[in-house]
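Protein chains in written order, with UniProt numbering: chain A, 1 to 77; chain B, 1 to 370; chain C, 1 to 261.
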Ligand SMILES: Cc1ncc(C[n+]2csc(CCOP(=O)(O)OP(=O)(O)O)c2C)c(N)n1
Ligand code: SF4
Ligand code: SF4
Ligand code: SF4
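Structure, rendered in structure tokens:
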């Protein structure tokens, strides 16, 4: 099982450039075309399950808008 | 401390060291180079920063960087080099960081020559760099005064967060005279609240001359102007000689003022009641003193080593209330006292002329050069 | 959102670096100036340098860089950042002084300043953004514009017979004895971005140890003036820029080699 992860995109910062979208190895990020940020961009968001918390999207993001979380794997007792 | 024989440029350098200059950045140019050379030896001795920069452009921006840390810094150059520095000087004025710049003027325009001149007056006094700012400009006429004004320059620069330019020339820079240096002052240990020196235990700071919003730039420019108004109130300096009973007055600064003083003494021996007003602060200019002088005397002679640059400021100050004549030599030529005495004699002999421009009359007189 | 929250215990594995201020940048969407900023900030955080940093912003699109970092900054005239940095570093030798410059700024109007800072072995770090044009003034030809590349001041493409050849800055500076660490990296994909960050880290280590001049040239995109989407611009960088501006280490002083990151 790949690790489970999650991202949060700060919509004050996101400019909808898609650099995260095009680099996500799991192809789970997309721009939300139904919403616009205060500054008029379609924000990126997690669109599907399957994020591994690999952090690649955050590595690409020019706005440092992405926070990446990963589940803590509980070691067997 | 006893008086010793010193060269003008070296005296300025040593005075700056004693006033606590922490970094010097410069580029060789005659007739200023001794200042740089002195610094290259003495600054490392004192454990302070010296860099011979790759150009005056670089030198002034090294000054700019160091000035942003709130430390005492200076550079020196001569006319063509100062032209190159003007962008940086404008940035520093816009950023409101203090610095001391020495301009040991030489003949120009262009590469000109290396003889003494006063032809950077307009460039330095009336701005030079772009934008609405006013540098403080101090003009020494002797080695001793060069020392004293250097020390004062650092104090004024810090007090008003201003650029202070010492406007010297090749003659004062190169001459040897007995003079006394101040004692060594301790280096500053506390720095202003705007200084950018690493945000240790505080909020970060930044310094820039950018105000993208025009109204904000207007506010900043008015702040500079209000500060300038205070400088005008408090920092006007000039010296009067033989003016108590004078019927005629010479106005001249720096080397020209020095020549004029000899001329005044000669003319006095000939029975002409003439005195001298020598502006020391060219900016702020002693407008009131010159206006008052204009009301006291029958005529004023402006003497300069240029084609009449301060002349325009004297004309503005006297507001046409008194006849003004001009005598100057330019291109690196120093006037002899005799020439100035003759000019005084012509002024005293009349007839008083109030039409036309004194520069035009002087040009006619100088037509032998054509 | 269609994606359910994770129910297990989670940790943040990537967060916005503290050394970036909480400010929106004015950069165009996708502009990799932002990536370079982020990498600098991450390195400053990791090395614990925030209180020792002094940045020098230049003139170009990054002119407001001083707004985006949470450490001390000054802003320099066009091209003169290495001179300002020199002035700062000479009076405060224990601070970490950084210039952040574009290719017009560093390699055109400011070439003398950077060459001499490198030659002096000035103990500063230059972060050099090569995006093959003058971004801020609207995409004119820069010293880095590729042969044949169209810009607003080379509308028919850079003609090397008329406009001369582009300058490979890293190669040029690497020839100077005072330069300790001169490398070229690219910001076009995650792997290269990681390498770029490592290079910035190494450059700061070099400076921290007093080893002399360091410069990290970063190939960067300018989608706006290239007239491309960020996606296309990334591709253009990879296909056109990298063959001309080979990535690599151009000068690594032996005393730098043992810096392990
Ligand atoms: C002395 C001077 N000349 C010209 C300019 C105008 N100017 C501002 S930014 C710039 C070009 C910057 O391009 P670059 O360094 O490549 O940075 P970019 O904007 O691409 O990030 C120019 C020419 C200026 N501000 N000052
Ligand atoms: S890379 Fe950053 S700014 Fe660009 S779309 Fe993704 S989250 Fe938004
Ligand atoms: S952390 Fe990795 S998998 Fe998750 S969205 Fe970002 S790039 Fe995709
Ligand atoms: S013009 Fe180019 S370099 Fe400037 S912010 Fe936009 S994309 Fe970036």
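Ideal Cβ positions, reconstructed from N, Cα and C, are used throughout, including at glycine.
Query                                                                                                                        : Result
Residues, ordered as in the chain, of the stretch 196-210 of chain C that lie near chain B by beta-carbon distance below 9 Å : none
beta-carbon residue 10(C) near ligand 3 non-hydrogen atom, thresh 7 Å                                                        : no
3 or more residues per run - each beta strand (DSSP E) lying fully within the stretch 214-242 of chain B                     : 238-241
Presumed contact (8 Å Cβ cut-off) between residue 69(C) and residue 125(C), rounded CB distance                              : That pair is no contact at about 14 Å.
Per-residue contacts from residue 43(A) into chain C (C-beta, under 8 Å)                                                     : The contacting residues do not exist; residue 43(A) stays about 11 Å from chain C at best.
Proximity of residue 76(B) and residue 138(B) at Cβ, strictly below 8 Å                                                      : no
Whole-angstrom distance between residue 105(C) and residue 63(C), CA atom to CA atom                                         : 10 Å
Cβ contact (3+ pairs, closer than 8 Å) linking the stretch 28-43 of chain C and the stretch 2-22 of chain B                  : no
Within-8 Å CB hit, residue 101(C) to chain E                                                                                 : No chain E appears in this structure, whose protein chains are A, B and C.
Residue 83(A): CB within 7 Å of a non-hydrogen atom of ligand 3                                                              : Not covered by the structure: residue 83(A). The range shown for chain A is 1 to 77.
Proximity to residue 167(B) [Cα-Cα], best of 159(B), 153(B), 312(B), 160(B)                                                  : 153(B)
Three-way DSSP call (helix, strand, coil) for residue 28(C) in this model                                                    : coil
Close-in-space but distant-in-sequence residues of the same chain around residue 30(C) (CB under 6 Å, 5 per side omitted)    : 223, 230
Candidates 133(B), 189(B), 294(B), 117(B), of which the one nearest residue 283(B) by Cα                                     : 133(B)
Contact list for residue 35(A) against chain C, beta-carbon separation under 8 Å                                             : In chain order: nothing, as chain C lies at least about 11 Å away.
Distance cut-off 7 Å: residue 16(A) Cβ against heavy atoms of ligand 3                                                       : no
Residues near residue 128(B) in its chain [Cβ-Cβ closer than 6 Å; skip 5 each side]                                          : 86
Beta carbon proximity, residue 239(C) to chain B, threshold 8 Å                                                              : no
Exposure of residue 292(B), with buried meaning 16 or more beta-carbon neighbours within 10 Å                                : exposed
8 Å Cβ cutoff, residue 105(C) in contact with chain A                                                                        : no
Residue 67(C) - DSSP class collapsed to helix/strand/coil                                                                    : helix
Residue 102(C) - DSSP class collapsed to helix/strand/coil                                                                   : strand
For residue 166(C), the first and last residue of its enclosing alpha helix (DSSP H)                                         : It is not in any alpha helix (DSSP H) - residue 166(C) carries neither H nor E in the DSSP assignment.
Residues near residue 73(A) by beta carbon distance below 7 Å, same chain, minus five either side                            : 3
Where the alpha helix (DSSP H) containing residue 33(B) begins and where it ends                                             : 33-45
For residue 204(C), three-class secondary structure by DSSP                                                                  : helix
Any chain C beta carbon closer than 8 Å to residue 52(A)                                                                     : no
Residue environment, residue 81(B), which counts as buried when at least 16 other CB atoms sit within 10 Å                   : buried
Distance cut-off 7 Å: residue 61(B) Cβ against heavy atoms of ligand 1                                                       : no
C-beta contact flag for residue 118(C) and residue 144(C) at 8 Å                                                             : no
Identity of the residue in 79(B), 344(B), 65(B) nearest residue 165(B) by Cα                                                 : 79(B)
Contact residues within the stretch 135-164 of chain B, judged by C-beta distance below 7 Å to chain C                       : none
Rounded separation between residue 65(B) and residue 130(C) - CA only                                                        : 24 Å
Whole-angstrom distance between residue 370(B) and residue 364(B), CA atom to CA atom                                        : 10 Å
Chain C contact for residue 20(B) (CB, 8 Å cutoff)                                                                           : no
Residues of the stretch 45-58 of chain B with Cβ closer than 8 Å to any Cβ of chain C, in chain order                        : 49, 51, 53, 54, 55, 57, 58
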